[in-house]
Amino acid sequence: MCGIVGCIGIENPVDYLIDGLKELEYRGYDSAGIAVKDNNEIKVIKAVGKLKNLEDKVKNVKFYNPEFGIGHTRWATHGKPTEINAHPHVGKFSAVVHNGIIENYQEIKKFLQKEGIDFISQTDTEVIVRLFEYFYNGDSFEAFKKTLEKLEGAYAVLLITNSDNKIFFAKKGSPLIVAKGEGIYFASSDAPLIGYANRAHYLEDEEWGYVNENEIILFRKNEKISPYFKELPASKESAKKGGFRFYMEKEIYEQSDILKETTLGRNTPNGIKFDELDRSFFDGISNIIISACGTSYHAGLVGKYLLERDAKIRTNVEVASELRYRAPLLTKDTLFIVISQSGETADTLETLKMAKKAGLKTLALCNVDNSSIVREADKTILLRAGIEKGVASTKAFATQVMTLWMLSNYLAQKNEYDAINEAIEVTKVDISLHEKIKRLSKRYLHGHGFFYIGRDIFFPLALEGALKLKEISYIHAEGYPAGEMKHGPIALADEDLYVVALLSKNILYEKTKSNIEELVARDATVLTISSEYIEMTDDFVKINKTNHPMVEFFEMMVITQLLAMEVAIRMGNDVDMPRNLAKSVTVE
Ligand code: AGP
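Going by the working numbering, the sequence shown opens with residue 18, and the numbers climb by one from there.
See the structure below:
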């Protein structure tokens, strides 16, 4: 996710802008920039790569009387990570930074181009500053107001002009805070503000306005309101974790918001659209191979069920480290899809190169633009998960599955708009549920092993739930097809064998229920996750009733993530940095 800072009314705004961007580095980025009103002009400095590159450039700029400014760290969603695409985006006399996605940017861009306005970047953000200047006739406030009325999608925006000693701001869907200290400050999250400001107004959706060096002029829609201030957190570190105990916990809690970003502009009432793709890309494709590792492989397995059931395209899912040495049959009617959060996993990348060499069309589902895999693939659908700090993948997995669900709808020309939104809703963590899982976790610390079982799409979820537990609690766990337990593993059943059963009401309910009963009858300790309570289980976690299995999937996913985390916390492990693991396995 992008990061935003701004300030006015302090001695040297440049210091705050750079310090503030440093505090936002944890959000992940691929470029950064600042715009400062100095000596009656707006000076814009941008750099690709690490913040140090920007700092080095800023050191070479002479500021005479810097009055106010804005800054930005960019996580690319539209347009490659280049200096031109970096924020701030500038017009003739104004500059803007933006976090979020302008869904109707192409429509606005076409309109302005017809009006003779040129664009230089590939981004959606540039339409904001171009539209502002199109509306500007001497009154910046009115021009800003008209601009906001045209924008659709999610945004946190700061805009400055050469004609006003003001910072204009607006918030809808993406976070933005305005805070008071010696001057007035903006930031996407608390961390940059700590040490500068002492009280903050957390902007709500559709709040907007402007600040000068003394006051905050705030509107909610068209009503002028007063800011309501809260104390800022004491420490920057806890602020970066959003007050959570671990980044993994924060990332589980933010999945619902992240999935909104992943689906924004893609899941529409009229079906799925991908700006990155053209339907002709799929011409001549009669089968799909998905290649990935670890959690990304599990997401791929979910994709198989959806692509074959909905899009009627034969789909094989391969562990990349096996595929690359197996001399596979790669035919040109195959679409080769790689899934990777980091975009740097060596085995996955090598299979992608193999497919390219064999002349196959290649598509990457990836979270990091400009990564090796993105640069290698013919086409990429960015996951928009933002940086994932926890080594154990959670929100990246959620966005991978969501993207595969949208892709199967896209290829099948199926419209599951409501179900996708329902799935996003149920991904929101219910605090009482989390408390229940905290209590429950104490019972699952000392068994001789764990089985996670499920059928259909719940089998890959069982694999993923088991992986989460293994990698952060160090307790052995296996994901297994529920129907397979009787073919051997049930011999392990006794009171110390823990089984987490994913019991969907919508897919193979009776068969999975009887698998659970077979285990309970042999005294295994079973935790059932379902919308339907069953007597024959030792523990039970209830999910919402729904008629769509993917909605059940996402709700169960959160429960398995929280369970793994709470067990690991009880074991006293470092949840974010488990032993022996790396966030990206760039070696074979
Ligand atoms: C999952 O929690 C692990 N972090 C690991 O299995 C990971 O999914 C795997 O290494 C693949 O990484 P990638 O998605 O970055 O390619």
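Even for Gly, the Cβ is constructed at its ideal location relative to N, Cα and C.
Here the C-alpha atom of residue 86 lies approximately 16 Å from the C-alpha atom of residue 198.
Taking the Cβ atoms as the reference, residue 568 lies roughly 30 Å from residue 391, outside the contact range of under 8 Å. Each residue's CA atom was taken as its position, placing residue 18 and residue 275 some 9 Å apart. At a Cβ-Cβ threshold of 8 Å, residue 469 and residue 483 count as neighbours. Residue 556: not part of any alpha helix (DSSP H); member of the beta strand (DSSP E) spanning 556-559, first to last residue.
Ligand 1 has a heavy atom closer than 7 Å to the beta-carbon of residue 359. Each residue's CA atom was taken as its position, placing residue 142 and residue 122 some 8 Å apart. Residue 476 is not a Cβ neighbour of residue 493, given a cutoff of 8 Å. Only residues of its own chain outside the window of five on either side were considered, and among them 216, 217, 218, 219 have a CB closer than 8 Å to the CB of residue 247, listed in chain order.
Remark: the C-beta of residue 488 is in contact range of ligand 1, defined as less than 7 Å to any heavy atom.
Counting every other CB atom within 10 Å of its CB across the protein chains shown gives residue 132 a total below 16, marking it as exposed. Within the model, the alpha-carbon separation for residue 348 versus residue 318 is close to 21 Å.
The beta carbon of residue 372 sits no closer than 7 Å to any heavy atom of ligand 1.
Apart from the 5 residues on each side of it in sequence, residue 553 sits with its Cβ closer than 7 Å to the Cβ of 533, 534, 537 in its chain, given in chain order. Here residue 209 is near residue 40, since their CB atoms are less than 8 Å apart. For the 8 Å CB-CB criterion, residue 551 and residue 530 form a contact. Not one heavy atom of ligand 1 falls within 7 Å of the beta-carbon of residue 19.
Nearest C-alpha to residue 62 among 513, 97, 103: 103.
Set against 7 Å, the gap from the CB of residue 352 to the closest heavy atom of ligand 1 is not smaller. Beta-bridge partners assigned by DSSP to residue 55: 58, 83. Between the beta-carbon of residue 125 and that of residue 170 there is about 11 Å, and that puts the pair past the 8 Å contact cut. Pairing residue 206 with residue 180 gives a Cβ-Cβ distance that is not under 8 Å. The region 287-298 makes no contact with the region 180-193; the number of CB pairs closer than 8 Å stays below 3. Two segments are said to touch when three or more pairs of C-beta atoms, one from each, lie closer than 8 Å; by this definition the region 487-502 touches the region 579-594. Taking the Cα positions, residue 496 is about 45 Å away from residue 64. In this structure, residue 174 sits near residue 145, with a CB-CB distance shorter than 8 Å. Judged by the Cβ position, residue 312 qualifies as a neighbour of ligand 1 at the 7 Å threshold, a heavy atom of the ligand being closer than this. The DSSP-derived three-state label of residue 497 is strand. Residue 460 sits in a helix when the DSSP states are folded into three classes. Closest by C-alpha distance to residue 350, out of 362, 379, 360, 340, is 379. Shown here for residue 23: same chain residues with a beta carbon closer than 6 Å to its own, the five before and five after excluded, namely 87, 175, 184, 203 in chain order. In the structure shown, the three-state DSSP call for residue 199 is coil. In this structure residue 565 touches residue 436 by the C-beta definition: roughly 4 Å separates them, less than 8 Å. Contact between the region 394-406 and the region 417-424 is present: three or more C-beta pairs spanning the two stretches fall below 8 Å.
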